[in-house]
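Numbering (our numbering), first residue to last: 55 to 543.
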């Protein structure tokens, strides 16, 4: 039945009635693109609208699924749930990873702000993708970094989202980097939650990712930020993405571009030299081949005591593969006595026979092993095994000072304690000991006996035994990465 009409006598039916306005149909809730079907395309359309990729919706009324008069992330969540139910348990198509925000820093800071005493700037030398990244410099504490405010109208407490980023640091050793959420909890207290974390090798773009992080229920004042755990080194951030739960990051650890980042090793102002009298002569005595089993531990402890009991510090170079459960205490003890804990490679091999990547691994692996013992990686100074260095070694360790010596005690070649003492006294008298770097090993009784005599003797003569880094800092000089040093001159 259609067009049923009752009218006055004489009305011509075929003339029809005056046009009447069409009455709107009730919209199909969720059909935001107006296609007549609710599907993954509607999720995409609504997501684009919420992230401002699209300024309008074809069917805005159908997008307000909860009927509160506001179109927001809750409507998107309801739409996804609706699809999930309609598909008999099949997960709907996941929106693109750029769903809630994607910061690439190509045109600026993309809404990220300083957290603490930091400086944010775009960097065009190092980046994961595109042509720029965000550099975070001037950090004076580990929690300081870059932060992004999460709007609770979009990021709903109690709901899960995917968070990811490409991060990099160039401290010279591996560092744990984190995405952390600061928020006010339901009791009004400030709380912190680790969203994602990863151990990042120096000068390596590293993926931080949590594909399903649930924002705590009742949380407010959401602040997402990137930080490091142990150091205040500069950080680099790129491809920071918040997306729907389950979204995987496209970042691959080891990708991207790393520019020529020079990370200076300890210099004046970064090493505690308050105890050093700069008017007095000084020498850096450094000990190789720690830590070799329990047999050498007695010698090592004797050397530590000889140096510490005279109020001095020395540098100890450790070999990663020689560290074990029986000698870790020796390393921790040296650290607690204020000794410089430095790097002597992982396998004690000739670095000049390795590739750049293999050389780097020799340094990083030992630094990580030391960090597990002391809480800090090795000092960014390294004594290459066999004092062997070439251009590949210098390039691979461009952020690590390479330390040889100007005086070799010859303990490794059978020198007796008397011969070691005589060599040091001769250098004192002829002027070559001042600001010298002395090569010793902690694995010989002759060396321990010599130090038990020399440390108090040098002190009585107005001399000071210092670490390699302290020697340069006290002289106001910088130890530069990728550079070979025999002495501070």
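Glycine residues also receive a C-beta, built at the ideal position from the N, C-alpha and C atoms.
Going by DSSP, residue 520 is part of no alpha helix (DSSP H) but of the beta strand (DSSP E) stretching over 518-520.
Between residue 457 and residue 372, the C-beta gap is not smaller than 7 Å, which leaves the two residues out of contact. In this structure, the straight-line span from the alpha carbon of residue 370 to that of residue 250 is close to 35 Å. In terms of Cα proximity to residue 308, the closest of 243, 411, 475, 217 is 411.
In the DSSP annotation of this structure, the continuous segment of the alpha helix (DSSP H) that includes residue 500 starts and ends at 499-514. The region 391-407 makes no contact with the region 197-204: fewer than 3 CB pairs, one atom from each, lie closer than 8 Å. A Cβ-Cβ separation of about 6 Å places residue 455 in contact with residue 535 under the 8 Å criterion.
A check of alpha carbon separations from residue 106 across 469, 524, 208, 354 identifies 208 as the nearest. Looking at the backbone, the Cα of residue 329 and that of residue 434 are separated by about 22 Å. In this structure, the alpha-carbon of residue 288 lies about 20 Å from that of residue 414. Where residue 201 is concerned, the enclosing beta strand (DSSP E) starts and stops at 199-204.
For residue 336, the enclosing beta strand (DSSP E) stretches over residues 336-344. In the DSSP assignment, residue 418 falls within the unbroken alpha helix (DSSP H) covering 410-428. Residue pairing by DSSP places residue 370 opposite 341, 395 in a beta bridge. The DSSP-derived three-state label of residue 222 is strand. Scanning its chain for C-beta atoms nearer than 7 Å, with the 5 sequence neighbours on each side dropped, one finds around residue 481 the residues 461, 487, 490, in chain order. About 6 Å separates the Cβ atoms of residue 254 and residue 223, confirming a contact at the 8 Å cut-off. Taking C-alpha positions only, residue 436 is separated from residue 356 by approximately 23 Å.
Between the alpha carbons of residue 270 and residue 389 lies a gap of roughly 40 Å. Straight through space, the alpha carbons of residue 225 and residue 257 are spaced by roughly 8 Å. Residue 277: member of the beta strand (DSSP E) spanning 274-282, first to last residue. Our two residues, residue 219 and residue 416, have alpha carbons roughly 27 Å apart in a direct line. In the DSSP assignment, residue 92 falls outside any beta strand (DSSP E), carrying neither H nor E. In this structure the region 172-180 does not touch the region 108-118; the number of beta carbon pairs closer than 8 Å is below three. With at least 16 other beta carbons inside 10 angstroms of its own, residue 505 counts as buried.
Between the region 229-239 and the region 274-292 there are three or more C-beta pairs closer than 8 Å, enough to call the two in contact. Contact between residue 163 and residue 188 holds, with the beta-carbon distance rounding to 6 Å and staying under 8 Å.
A Cβ-Cβ distance of about 7 Å is found for the pair residue 231 and residue 260, placing them in contact under the 8 Å criterion. With contact defined as three or more Cβ pairs closer than 8 Å, the region 509-522 and the region 333-341 are in contact. Short of 8 Å from the beta carbon of residue 210, and not among the five residues preceding or following it, lie these beta carbons of its own chain, in chain order: 127, 128, 131, 269. Below 8 Å, enough C-beta pairs join the region 509-519 and the region 358-367 to call them touching: three or more.
Exclusion of the five residues before and after residue 86 leaves 96, 99, 100, 111, 113, 116, 117 as the residues of its chain whose Cβ lies within less than 6 Å of its Cβ. The residues 171, 172, 173, in chain order, have a CB closer than 7 Å to that of residue 192 in the same chain once the five nearest residues on each side in sequence are set aside. The three-state reading of DSSP puts residue 293 in strand, counting E and B together.
In this structure, the alpha-carbon of residue 469 lies about 12 Å from that of residue 503.
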